[in-house]
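Residues in the sequence shown are numbered consecutively from 400, following the working numbering. C-beta: ideal position from N, C-alpha, C; glycine also. Fair warning: this is a prediction, and the values are worked out from it, not measured in the lab. Single-structure report; data block below.
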Amino acid sequence: MNPSPNDAETNARLTRLEEKFGYAEDLLDALNALVAKQQDQIAQLLREVGQLQRQRADDQPSAPTNLWDELPPHY
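Here it is, written out as structure tokens:
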């Protein structure tokens with residue numbers, strides 16, 4: 400049985416689809432790795448922000464109970 404031109408065209412299309420799928424699969428793997436890395440960075444940044452907020456709260460003197468009792472900055 401001789402392959403018909405239609406079979407050759409189908410095989411060529413299938414080959415192109417397989418190539419595109421391979422590229423898409425590689426891209427998906429790269430993007431997944433990037434998202435995982437960014438998630439780790441976000442988690443680290445959130446920990447650092449929390450630490451800075453706690454540090455800031457510890458460093459600030461307690462607010463006056465009445466704002467009228469607070470002296471302006473030039474005194």
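Go ahead and pull the three-state DSSP assignment for residue i.
{"i": "P404", "result": "helix"}
{"i": "Q459", "result": "coil"}
{"i": "L470", "result": "coil"}
{"i": "N465", "result": "coil"}
Would you please verify whether the beta carbon of residue i is less than 9 Å from any beta carbon of chain C?
{"i": "L445", "result": "Note that chain C does not occur in the displayed structure, where there is just one protein chain."}
Problem set entry | Every unbroken alpha helix (DSSP H) inside the segment 416-445 [4 residues or more] | none
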